[in-house]
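Trainee: Below you'll find the structure I mean.
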Amino acid sequence: MSATSGINMELLRSSDNAEGSLKSMQPFIDLMMKYECALMEIETKLKVLNTEFALQHNRNPFESIKSRLKQPISIIDKMKKKGLPLTVENIEENLTDIAGIRVICSFPEDIYILADLLTDQDDINVVCVKDYIRNPKPNGYRSLHLIVEIPIFLSKEKKYMKVEVQFRTIAMDFWASLDHKLKYKKDNLKHPEIIAQELKKCADMSTAMDYKMQEIRHMLE
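Positions in the sequence shown are counted from 1; adding 11 to them yields the numbering used here.
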């Protein structure tokens, strides 16, 4: 994914005051390029850790990595909700999820092992940790969210950029994906609380399966 490929310039130009507020497109394009570089740095670190872990333990701690840059229209909407002027400086200072990576692990304990290995590296600064695995959201959502700062090395500067890293098991990701797809349908129901209760039950069942599979793995080892 390139920084510019994820930027729909027409969306920016057509949004209220977007072009005037940013003054020119180049600073925004430069900022998104820096976020893309930060994604590459984090992804490389995770792949190195995965390779080393596989060699030492004869298994991989994660199944897949997905990265994304937030779309310009989403950035604009989020800045409007915060009531902040749409400037490159405000975007960088106030949004922490422009660059995001989702790491899908096989077992819950691998999430914490991998997160610790990543954040223990001396060039990573941990800005925020939200543990929705040990403290799930009321709807049953589970995931470990980290906001980290990582340095990128450009031709004329070294700059720390924020990246959101989400760790989930396969079951957690499956549930969250389906819940997201059903979100708008739930909003149109007469009794959405019934569907919410059923989804919460599904989340609890998938969590029980996660830990049962982890227990079986321990038995096999």
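Cβ coordinates follow ideal geometry from the N, Cα and C atoms, glycine included.
Hey, out of MET183, LEU193 and LYS167, whose CA is closest to ALA216's CA?
Mentor: Mapped onto the sequence shown, residue 216 falls at position 205. It is worth fixing the name first, because residue 216 is Met in this sequence and not Ala. With distances taken between Cα atoms, MET216 lies closest to MET183.
Trainee: Since ARG179 contacts ARG113 with CB under 8 Å, what's their CB separation in whole angstroms?
Mentor: Along the sequence shown, read from residue 1 onward, the residue named residue 179 stands at position 168. Along the sequence shown, read from residue 1 onward, the residue named residue 113 stands at position 102. ARG179 to ARG113, Cβ: 7 Å. Contact.
Trainee: Which residues mark the beginning and the end of the beta strand (DSSP E) in which GLN177 is found?
Mentor: As a working note, residue 177 is residue 166 in the sequence shown. First-last of the beta strand (DSSP E) with GLN177: 169 to 180.
Trainee: In whole angstroms, give me the CA-to-CA distance for ARG79 and LEU42.
Mentor: In the sequence shown, residue 79 corresponds to position 68, counting from 1. In the sequence shown, residue 42 corresponds to position 31, counting from 1. Roughly 15 Å separates the two Cα atoms.
Trainee: Pick out whichever of GLU175, ILE181, LYS92 and ILE87 has its Cα sitting closest to the Cα of ILE115.
Mentor: Taking the first residue of the sequence shown as position 1, residue 115 is located at position 104. Nearest of GLU175, ILE181, LYS92 and ILE87 to ILE115, Cα basis: ILE181.
Trainee: Counting Cβ pairs closer than 8 Å, one from the segment 207 to 221 and one from the segment 139 to 154, do we hit at least three?
Mentor: Flag = yes, the segment 207 to 221 and the segment 139 to 154 touch.
Trainee: Can the beta-carbon of GLU52 be found closer than 8 Å to that of ILE158?
Mentor: Residue 52 sits at position 41 when you count from the first residue of the sequence shown. Residue 158 sits at position 147 when you count from the first residue of the sequence shown. No; because the gap between Cβ atoms is not below 8 Å, this pair is not in contact.
Trainee: If I'm right that ILE102 touches ILE124 with Cβ under 8 Å, what's the distance once you round it to whole angstroms?
Mentor: Locating residue 102 in the sequence shown gives position 91, where the first residue counts as 1. Locating residue 124 in the sequence shown gives position 113, where the first residue counts as 1. Not a contact, Cβ separation roughly 33 Å.
Trainee: Go ahead and pull the three-state DSSP assignment for CYS213.
Mentor: Numbered from 1 along the sequence shown, position 202 holds the residue referred to as residue 213. Three-state DSSP puts CYS213 in a helix.
Trainee: Mark LEU33 as exposed unless 16 or more other C-beta atoms lie within 10 angstroms of its C-beta, in which case mark it buried.
Mentor: If you number the sequence shown from 1, residue 33 lands on position 22. For LEU33, the predicted structure reports a pLDDT of 46, less than 50, and the residue's modelled location is therefore unreliable. A value from the coordinates is still provided. LEU33 comes out buried.
Trainee: Nearest CA to the CA of ARG145: which residue from GLU63, LEU231 and THR218?
Mentor: For the purposes of this step, residue 145 is taken as the residue at position 134 of the sequence shown. Taking only the C-alpha atoms, the option nearest ARG145 is THR218.
Trainee: Please report how far the alpha carbon of LEU189 lies from the alpha carbon of PRO203, in whole angstroms.
Mentor: Here residue 189 refers to the residue found at position 178 when the sequence shown is read from its first residue. Here residue 203 refers to the residue found at position 192 when the sequence shown is read from its first residue. Distance between the alpha carbons of LEU189 and PRO203 is about 16 Å.
Trainee: With a threshold of 8 Å on Cβ separation, who are the neighbours of ASP221 within its own chain once the five nearest residues in sequence on each side are excluded?
Mentor: Position 210 of the sequence shown, counted from the start, is the residue given in the question as residue 221. Contacts found: PHE118, PRO119, THR180, ALA182 and MET183.
Trainee: Under the criterion of a Cβ to heavy atom distance below 7 Å, does CYS139 qualify as lining the ligand ADP?
Mentor: Of the ligands one can find in the structure shown there are none, so the ligand ADP has no counterpart to examine.
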